[in-house]
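Notes follow the structure.
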Amino acid sequence: DTTRNPRYAEEKDHTYNDKFGLAEFLTNTAMAAQANALERLGMDNETFQKLHSLSAKEKRSVTLRFTSEESCDFVKEQTVDVESKREFITEIEEGEITESEKEKKTKTTSRHKVVTKVKEYHWKV
61 DTTRNPRYAE EKDHTYNDKF GLAEFLTNTA MAAQANALER LGMDNETFQK
111 LHSLSAKEKR SVTLRFTSEE SCDFVKEQTV DVESKREFIT EIEEGEITES
161 EKEKKTKTTS RHKVVTKVKE YHWKV
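If you read the sequence shown in our numbering, its first letter stands for residue 61, the second for the next number, and so on.
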């Protein structure tokens, strides 16, 4: 929607009830963000319903405890050649006078690039 023009609440005239609407909107947004984060961590709807039941119906506090495990395994070491972006060109012209007293020119061009050997280490995380 291109007609929106968001502003801070303090900069706009509003009624007393508008503050509650804004607070409700922001709270719902924060709750949705938390639910998305828990879902990404592996919490399914069944577990969420069980926790809600403990909190709302049985009036018990609910604490979440997370455990995690990290592993890092070496896969391989690889050496690769990386060419430089610059190329060095050397041109050499040689002239030689032949029997008919005409000059015969030869041109030799050599191109050089710097190649760096880089060791890459591959890990499985």
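For every residue, glycine included, the Cβ atom is placed at its ideal position computed from N, Cα and C.
Cα separation between V140 and T166?
-> 37 Å
Between the beta-carbon of W183 and the beta-carbon of V135, is there less than 8 Å?
-> yes
Straight-line CA distance for Q94 to F126?
-> 15 Å
Top-ranked residue by Cα proximity to G155, from K164, K145, F80 | K164
Within this structure, are the beta carbons of E151 and K173 separated by less than 8 Å?
-> no
Cα separation between G102 and T63?
-> 38 Å
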